[in-house]
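Undergrad:
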Amino acid sequence: MKILHTSDWHIGRTFHTHSTLDALHQVLDALVEVVRQRRIDVVAVAGDIFDSAMPSAESYTLLAAVLREIKQAGATVVMTSGNHDSATRLGFQAEWAALAGVHVLTRPEQFLEPVTVPDEHGPVHFYGIPYLEPALVRHLSVFHGPADEPLKTHEQVLTVVMQRIRDDLAVRGGRSVVLSHCFAAGVPAAAATDTVRDITAGGLDLVPVSVFTGPDYVALGHIHGRAHLTDRVRYSGAPLHYSFSEAGKPRGCWLVELQAGPAADIEWIELPVPRRLSVLTGEIEQLLTDDALAEFEPDWVSAILTDQVRPLDGIRRLQKRFPHCVTLEHRPAVVVDSDAVSYGERIDRQSDREIVAGFLEFVRNGVGQSDFERDLVAELLTEGDLRELSR
1 MKILHTSDWH IGRTFHTHST LDALHQVLDA LVEVVRQRRI DVVAVAGDIF
51 DSAMPSAESY TLLAAVLREI KQAGATVVMT SGNHDSATRL GFQAEWAALA
101 GVHVLTRPEQ FLEPVTVPDE HGPVHFYGIP YLEPALVRHL SVFHGPADEP
151 LKTHEQVLTV VMQRIRDDLA VRGGRSVVLS HCFAAGVPAA AATDTVRDIT
201 AGGLDLVPVS VFTGPDYVAL GHIHGRAHLT DRVRYSGAPL HYSFSEAGKP
251 RGCWLVELQA GPAADIEWIE LPVPRRLSVL TGEIEQLLTD DALAEFEPDW
301 VSAILTDQVR PLDGIRRLQK RFPHCVTLEH RPAVVVDSDA VSYGERIDRQ
351 SDREIVAGFL EFVRNGVGQS DFERDLVAEL LTEGDLRELS R
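One point on numbering: in UniProt numbering, the residue at position 45 of the sequence shown is 45, and numbering is uninterrupted.
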């Protein structure tokens with residue numbers, strides 16, 4: 001059985017106020033082509049389908065189109081809700097969608113209702129674990145552990161869930177795949193001290209990878225970068241770059257081919273990057289004139305300016321060369337240390353001209369007045385003095 005593991009589509013997300021719908025549609029069209037060419041049996045989407053709990057109409061239209069194309073390409077779909085999704089909205093009419101082979105698992109108790117897809121070696125059970133907020137699910141009977149201790153963390157909730165899944169699988173038999181949206185890391189449960197449990201990502205506390213012992217493959221979502229925790233526990237990452245911190249990281253999905261036994265063949269499938277993200281650093285004149293930077297002109301650009309004085313209209317000037325420059329940070333290469341004396345001590349016994357000159361030098365990182373500015377300040381102060389004398 002061939003399974004395509006993807007996650008974190010974040011349909012409807014903006015990138016520095018720019019819509020990503022068209023770019024995401026382009027990438028998901030490429031994913032559909034992978035489904036068609038590689039004859040994928042199941043597409044597993046591990047949460048954060050939408051970016052918002054209240055998706056726009058355009059976001060629903062895109063999701064419907066992509067799911068339709070995946071089904072037409074011949075694959076079954078199994079998807080779960082993530083922490084960005086509204087489980088209720090995403091799961092609306094899921095009962096009817098399942099009849100068409102699109103299984104949307106959003107209710108907390110649905111982890112015990114696996115989607116079973118057979119192949120020539122027997123059944124494969126897909127256990128979809130929707131995002132489970134401990135405070136919202138611990139009162140449900142299905143989450144009560146043997147000791148009936150209160151569930152306060154994601155680790156505790158998922159420990160109970162995975163034990164129930166292993167118990168269920170022992171009765172059903174066959175191979176299994178788990179989908180989960182959480183922050184998992186490669187630390188053993190015994191080492192998950194209080195300090196470790198305080199580690200969070202995106203508001204989710206850490207879950208040791210050992211919690212996911214048992215299934216033939218675990219398809220994780222939530223982390224936007226590709227990650228290989230163990231041979232059978234992996235993050236696919238998001239299909240698009242959604243922040244400059246993700247620049248340069250690969251974008252794609254995992255192709256998992258389950259065999260008759262416990263072993264699986266796993267391959268990384270690259271997806272296209274509609275517009276590359278680049279971070280450019282240097283003085284503004286260098287960024288505007290350096291021919292070596294021509295390759296970055298079509299990119300989304302984050303500029304870090306190292307000029308000693310912050311240039312005027314920096315982003316507007318940069319956008320003439322880099323139309324998709326969306327952020328600018330001033331990080332001067334030379335930083336002048338200011339003395340620890342107070343403002344009052346700095347201007348004590350100084351003339352008005354000296355106070356203005358000192359202020360400009362202070363706010364400009366050590367660069368003082370130009371000749372034009374010095375003459376202009378002198379003229380204005382002289383006019384002010386004359387007005388005072390004429391009163």
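Backbone N, C-alpha and C fix where the C-beta goes; we use that ideal spot for every residue, glycine too.
Here the structure is a predicted model, which means the values were calculated and not measured.
Can you list, in chain order, the residues of its chain with a C-beta nearer than 7 Å to that of L381? Leave out the 5 residues immediately preceding and following it.
TA: Locating residue 381 in the sequence shown gives position 381, where the first residue counts as 1. So the list reads D352 and R353, once near-sequence residues are dropped.
Undergrad: Can you pull the DSSP bridge partners for H330?
TA: Numbered from its first residue, the sequence shown carries residue 330 at position 330. DSSP output for H330 lists L305 as bridge partner(s).
Undergrad: Within 8 Å, do at least three Cβ pairs link the region 120-140 to the region 68-86?
TA: Flag = yes, the region 68-86 and the region 120-140 touch.
Undergrad: If you measure between the beta carbons of K2 and L255, is that distance less than 8 Å?
TA: Position 2 of the sequence shown, counted from the start, is the residue given in the question as residue 2. Position 255 of the sequence shown, counted from the start, is the residue given in the question as residue 255. Less than 8 Å separates the beta-carbon of K2 from that of L255.
Undergrad: By DSSP, does I284 sit in helix, in strand, or in coil?
TA: Here residue 284 corresponds to residue number 284 of the sequence shown, with the count starting at 1. Here I284 sits in helix by DSSP.
Undergrad: Return the CA-CA distance between I355 and R349, expressed in angstroms with no decimal places.
TA: Position 355 of the sequence shown, counted from the first residue, corresponds to residue 355. Position 349 of the sequence shown, counted from the first residue, corresponds to residue 349. When rounded, the distance between both Cα atoms is 10 Å.
Undergrad: Which residues in the same chain have their Cβ closer than 7 Å to the Cβ of S19, if we skip the five residues on either side of it in sequence?
TA: The residue you call residue 19 lines up with position 19 of the sequence shown. Closer than 7 Å at the Cβ level, and outside the excluded window around S19, lies no residue.
Undergrad: Measure the alpha-carbon distance for S210 versus R232 and round it to whole angstroms.
TA: Locating residue 210 in the sequence shown gives position 210, counting from the first residue. Locating residue 232 in the sequence shown gives position 232, counting from the first residue. Roughly 11 Å between the two C-alpha positions.
Undergrad: Compute the distance between the beta-carbons of D51 and R13, then report whether it is under 8 Å.
TA: As a working note, residue 51 is residue 51 in the sequence shown. As a working note, residue 13 is residue 13 in the sequence shown. Yes; because the gap between Cβ atoms is below 8 Å, this pair is in contact.
Undergrad: Around the C-beta of G261, are 16 or more other C-beta atoms found within 10 angstroms, so that it is buried, or is it exposed?
TA: As a working note, residue 261 is residue 261 in the sequence shown. When all chains shown are included, G261 counts as exposed.
Undergrad: Pull up the DSSP beta-bridge partners for S81, would you.
TA: Residue 81 sits at position 81 when you count from the first residue of the sequence shown. According to DSSP, which records beta bridges pairwise, S81 is partnered with nothing at all.
Undergrad: Quick one: is G91 buried, meaning 16 or more other Cβ sit within 10 Å of its Cβ, or exposed?
TA: For the purposes of this step, residue 91 is identified with residue 91 of the sequence shown, where counting begins at 1. Classification for G91: buried.
Undergrad: Let me make sure I understand the geometry here. Which of W300, T76 and E267 has the alpha-carbon closest to that of S278?
TA: The count along the sequence shown starts at 1 and reaches residue 278 at position 278. Residue W300 is the option with its Cα nearest to S278.
Undergrad: Would a C-beta distance cut-off of 8 Å place D313 and E283 closer than the cut-off?
TA: Position 313 of the sequence shown, counting from 1, holds the residue named residue 313. Position 283 of the sequence shown, counting from 1, holds the residue named residue 283. No, Cβ-Cβ distance for D313 and E283 is not below 8 Å.
Undergrad: Could you tell me the alpha carbon to alpha carbon distance between P118 and S86, rounded to whole angstroms?
TA: Translated into the one-based positions of the sequence shown, residue 118 becomes position 118. Translated into the one-based positions of the sequence shown, residue 86 becomes position 86. Between P118 and S86, the C-alpha separation is close to 30 Å.
Undergrad: In angstroms with no decimal places, state the Cα-to-Cα distance between V66 and I304.
TA: By one-based count along the sequence shown, residue 66 stands at place 66. By one-based count along the sequence shown, residue 304 stands at place 304. The straight-line gap from Cα to Cα measures roughly 37 Å.
Undergrad: Can you tell me whether DSSP reads R13 as helix, strand or coil?
TA: Mapped onto the sequence shown, residue 13 falls at position 13. Note: R13 maps to coil in three-state DSSP.
Undergrad: Which of the three DSSP states is assigned to A185 in this structure?
TA: Counted from its first residue, the sequence shown places residue 185 at position 185. Strand, per DSSP.
Undergrad: So, for V35: in the same chain, excluding its five sequence neighbours on each side, which residues have a beta-carbon less than 8 Å away from its beta-carbon?
TA: Walking along the sequence shown from the start, residue 35 turns up at place 35. Cβ neighbours of V35 beyond the five flanking positions: L4, V43, I70, A73, G74 and A75.
Undergrad: Residue ranges of each beta strand (DSSP E) run of no fewer than 3 residues wholly in the region 65-145, ordered along the chain?
TA: Runs of the beta strand (DSSP E) inside the region 65-145: 76-80, 102-105, 115-119 and 122-129.
Undergrad: Name the DSSP beta bridge partners of V42, please?
TA: By one-based count along the sequence shown, residue 42 stands at place 42. Answer is I3 and T76.
Undergrad: How is S180 classed by DSSP in three states: helix, strand or coil?
TA: On the sequence shown, residue 180 is found 180 positions in, with the first residue counted as 1. Reduced to three states, the DSSP call for S180 is strand.
Undergrad: Assuming the contact rule is C-beta atoms closer than 8 Å, G47 and G252 should be a hit. Round their C-beta distance to whole Å, please.
TA: To locate residue 47, count along the sequence shown from 1; it is residue 47. To locate residue 252, count along the sequence shown from 1; it is residue 252. That pair is no contact at about 17 Å.
Undergrad: The beta strand (DSSP E) with A227 in it runs from where to where?
TA: One-based indexing of the sequence shown puts residue 227 at position 227. First-last of the beta strand (DSSP E) with A227: A227 to T230.
Undergrad: Taking just the CA atoms, how far does A247 sit from S302?
TA: Taking the first residue of the sequence shown as 1, we reach residue 302 at position 302. Taking the first residue of the sequence shown as 1, we reach residue 247 at position 247. Distance between the alpha carbons of S302 and A247: 10 Å.
Undergrad: Helix, strand or coil for G314 per DSSP?
TA: Counting from 1 along the sequence shown, the entry for residue 314 is found at position 314. G314 falls in the helix class under three-state DSSP.
Undergrad: Considering only DSSP beta bridges, list what L220 is partnered with.
TA: Along the sequence shown, one-based indexing puts residue 220 at 220. DSSP lists S180 and Y235 as partners of L220.
Undergrad: Just confirm the distance between the C-beta atoms of E257 and P208, as a whole number of angstroms; I'd bet it's less than 8 Å.
TA: As a working note, residue 257 is residue 257 in the sequence shown. As a working note, residue 208 is residue 208 in the sequence shown. About 27 Å separates the two Cβ atoms, so there is no contact after all.
Undergrad: Mapping DSSP to helix, strand and coil, what is S370?
TA: On the sequence shown, residue 370 is found 370 positions in, with the first residue counted as 1. Annotated three-state conformation of S370 is coil, per DSSP.
Undergrad: Between L105, D290 and A238, which lies nearest to I269 when the distance is taken from Cα to Cα?
TA: By 1-based counting over the sequence shown, the position of residue 269 is 269. I269 has its Cα closest to that of A238, out of L105, D290 and A238.
Undergrad: Please name the residue or residues paired with G252 in a DSSP beta bridge.
TA: Position 252 of the sequence shown holds residue 252. Answer is E270.
Undergrad: Enumerate in chain order the residues of its own chain whose CB-to-CB distance from S176 is below 6 Å, with the five nearest sequence positions on each side excluded.
TA: Locating residue 176 in the sequence shown gives position 176, counting from the first residue. Excluding positions up to five away in sequence, the list reads H125, L169, P215 and D216.
Undergrad: Identify, in the order they occur along the chain, each residue of the same chain with its Cβ nearer than 6 Å to the Cβ of P250, setting aside the five sequence neighbours on each side.
TA: For the purposes of this step, residue 250 is identified with residue 250 of the sequence shown, where counting begins at 1. R226.
Undergrad: Buried or exposed for R316, going by 16 or more other Cβ atoms inside 10 Å?
TA: Walking along the sequence shown from the start, residue 316 turns up at place 316. With fewer than 16 Cβ atoms within 10 Å of its Cβ, R316 is classed as exposed.
Undergrad: Which value, in whole angstroms, describes the spacing of the CA atoms of A53 and R234?
TA: The residue you call residue 53 lines up with position 53 of the sequence shown. The residue you call residue 234 lines up with position 234 of the sequence shown. If you take the alpha carbons of A53 and R234, they lie about 26 Å apart.
Undergrad: Over what stretch of residues does the alpha helix (DSSP H) that includes A32 continue unbroken?
TA: Within the sequence shown, numbered from 1, the residue matching residue 32 stands at position 32. Correcting the residue identity first, residue 32 is Val in this sequence and not Ala. Note, V32: alpha helix (DSSP H), L21 to Q37.
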